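Chemist: Handing you this structure, nothing more for now.
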Amino acid sequence: MKFLSTFAAATSAVVVLSAAPASAKFGNGLPWAADNTWAKKIPEGAISWYHHWERGYVPDMPKGAEYVPTFWGPEKWDDWNQRKDEISKHNSKHILAFNEPDVASQANMSPDEAVSLFMKELQPYAEQGIRVSSPQMVFNMDWLNQFMNKCHSAGCNVSFMALHWYGSYKDMDKFKHWVKNVHKKFNLPVWVTEFGITAESNPSQDQVNKFADEAIKWMAKQDYVERAAWNGCYDISTPPDQYATPLNAMFNNGGSFRQLANIWLPALAAAGLSHKENHSSGNSRRHAQMIKRSPSFKAETAKRNNKAEKKERKPAYSFGPGKKPLVRIAFPKL
């Protein structure tokens, strides 16, 4: 997991990749990070898909929710071998590549290493008709540009772009720009496989809820955004790290749904399930402020800010037959 987002590009080469057919309907999903017991609480039809950024298949997820396996990276070979067994067992239609290879604490690879690994481990699945994503980038779009060019030269088949985004509740325009410009640049469908609000932006619960609501409504109207996954699948007292605000959480600490779950999981209302916050707005904000002041949070934020890109260069790209050229944005820092 871990987060950030930014865009930069390079080279004047024209790269052409073939995109697999896009989904006709936007799919809301979850990046799983919760105690697996919470899966039993999600009603059938509430989500269309889910992934787990480190582990695998969650047996108690609702029927009909597609499990999308992730090849996290070379440090987790044992996990990847398990994922390969699951791909066969569950007849997977999609695979997510490499969790944030541009972050030292995550998959941490060079573009050359990533292309070599993609060709060895993921390209065979692509040749079987399984749709494989780009690496799930956090911030370094110069890295992504190099990967896509080298991948094209090597013969990779990338079917869709997988993005992460984290920022302030005030940054809706930046979020939209990021998604639109990635699509415009590479002319491939987009999955936003993780996104949420940072602790550093010190949001209230209402501000987090408003952002999530606007984001899902906007993405559902973009025909090139196939799927998205709000990073809130955990209880508010045990967030997976300190970079994102715990107010992104969909569960109270006893496993009941919070209001944010009703925003992201539209089938909850139809199922007659109610939500109740067990943190007042004031208490939730104090919880987020305590995390923000912690030394580990400050160190993580400083590391991310130092890596931020400053400027975007604009090459020409054409991805996919019959597609218009599409764009991408530069995030100096979040």
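FYI, the numbering for the sequence shown is -24 to -1, 1 to 310, going by mature numbering (1 follows the signal peptide of the UniProt record, and there is no 0). Even for Gly, the Cβ is constructed at its ideal location relative to N, Cα and C. Note that this is a predicted model, so its numbers are computed, not measured.
What I want to know is whether the C-beta of G208 ends up closer than 7 Å to one or more non-hydrogen atoms of the ligand GTP.
Modeler: In the structure shown, the ligand GTP is absent, as is every other ligand, since no ligand is present at all.
Chemist: Report the residue ranges of all alpha helix (DSSP H) runs contained in full by the stretch 119 to 195; include only those spanning at least 4 residues, in chain order.
Modeler: 148 to 162
Chemist: For F115, which of helix, strand or coil comes out of DSSP?
Modeler: coil
Chemist: Report the CB separation of L72 from V44 in whole angstroms; it is logged as a contact under 8 Å.
Modeler: Under the criterion of beta carbons closer than 8 Å, L72 and V44 qualify as touching, at roughly 6 Å.
Chemist: Measuring only the C-alpha atoms, how far is M113 from W119?
Modeler: 9 Å
Chemist: Quick test of the definition: if touching needs 3 or more C-beta pairs under 8 Å, does the stretch 134 to 150 touch the stretch 97 to 108?
Modeler: yes
Chemist: So if DSSP puts W8 in a beta bridge, which residue, or which two residues, is it bridged to?
Modeler: H28
Chemist: Tell me H70's beta-bridge partners as DSSP assigns them.
Modeler: R107
Chemist: Could you say which of Q198, A220, D88, E176 lies nearest to G208 if we only look at CA atoms?
Modeler: Checking every option, the nearest Cα to that of G208 belongs to A220.
Chemist: One question on the structure: do L98 and F47 come within less than 8 Å of each other, judged by their Cβ atoms?
Modeler: yes
Chemist: Provide the residue span of the alpha helix (DSSP H) that contains V91, from first to last.
Modeler: Counting along the chain, the unbroken alpha helix (DSSP H) around V91 starts and ends at 87 to 93.
Chemist: Taking 8 Å as the threshold, find out whether the stretch 191 to 206 comes into contact with the stretch 141 to 156 through three or more Cβ pairs.
Modeler: With a cut-off of 8 Å, the stretch 141 to 156 and the stretch 191 to 206 count as touching, because enough Cβ pairs lie within range.
Chemist: Out of I239, F151, K161, state which residue places its alpha-carbon closest to the alpha-carbon of residue 399.
Modeler: There is simply no residue 399 to check, as the chain begins at -24 and stops at 310 in what is shown.
Chemist: Quick check on the burial criterion: 16 or more other C-beta atoms within 10 angstroms. Buried or exposed for P215?
Modeler: buried
Chemist: According to the Cβ coordinates, are K126 and D88 closer than 8 Å?
Modeler: yes
Chemist: Judging by CA-CA distance, which residue of G5, R234, L93, N12 is the nearest neighbour of residue 312?
Modeler: Here the chain comprises residues numbered -24 to 310, so residue 312 is not present and cannot be evaluated.
Chemist: Looking at K69: is its Cβ nearer than 8 Å to the Cβ of E42?
Modeler: yes
Chemist: Where does E20 sit, in a helix, a strand or coil, going by DSSP?
Modeler: coil
Chemist: In this structure, does DSSP put F227 in helix, strand or coil?
Modeler: strand
Chemist: For P50, which residues from the same chain have a beta carbon less than 6 Å from its beta carbon, with the 5 sequence-adjacent residues on both sides left out?
Modeler: Residues of the same chain with their beta carbon placed closer than 6 Å to that of P50 are lacking, with the five preceding and five following residues left out of the count.
Chemist: Among P100, D149, S86, M37, which has the Cα closest to the Cα of W194?
Modeler: Among P100, D149, S86, M37, the Cα nearest to that of W194 is on D149.
Chemist: Check each candidate in F151, M124, H140 and name the one with the smallest Cα separation from N163.
Modeler: Comparing Cα positions, the closest option is M124.
Chemist: For S144, which residues of its own chain have a beta-carbon under 6 Å away from its beta-carbon, when the five flanking residues on both sides are left out?
Modeler: The answer, listed in chain order, is S177.
Chemist: Please go through the same chain and pick out, in chain order, the residues whose beta-carbon is closer than 6 Å to the beta-carbon of E62, but skip the five residues on each side of it.
Modeler: G32, Y33, P45
Chemist: What do you reckon, are the CB atoms on T169 and A225 nearer than 8 Å?
Modeler: no
Chemist: Any idea what DSSP makes of N207, helix, strand or coil?
Modeler: Coil, per DSSP.
Chemist: DSSP three-state call for Y43: helix, strand or coil?
Modeler: Three-state result, Y43: strand.
Chemist: Going by the beta-carbon positions, is the gap between F233 and A191 smaller than 8 Å?
Modeler: no
Chemist: How long is the line joining the alpha carbons of R262 and A188, rounded to whole angstroms?
Modeler: Confidence at R262 is low in this model, with a pLDDT of 43, below 50, so the placement of that residue is unreliable and no value is reported for it.
Chemist: If we ignore side chains and look at the alpha-carbon of each, how far apart do M85 and K52 end up?
Modeler: 13 Å
Chemist: Please report the distance separating the alpha-carbon of D36 from that of W14.
Modeler: If you take the alpha carbons of D36 and W14, they lie about 9 Å apart.
Chemist: When burial is assigned at 16 or more other CB atoms within 10 Å of the CB, is D54 buried or exposed?
Modeler: exposed
Chemist: What did DSSP end up calling N57 once you bin it into helix, strand or coil?
Modeler: helix
Chemist: Only counting the same chain, and skipping five residues up and downstream in sequence, which positions put a Cβ closer than 7 Å to that of E20?
Modeler: P38, K39, G40
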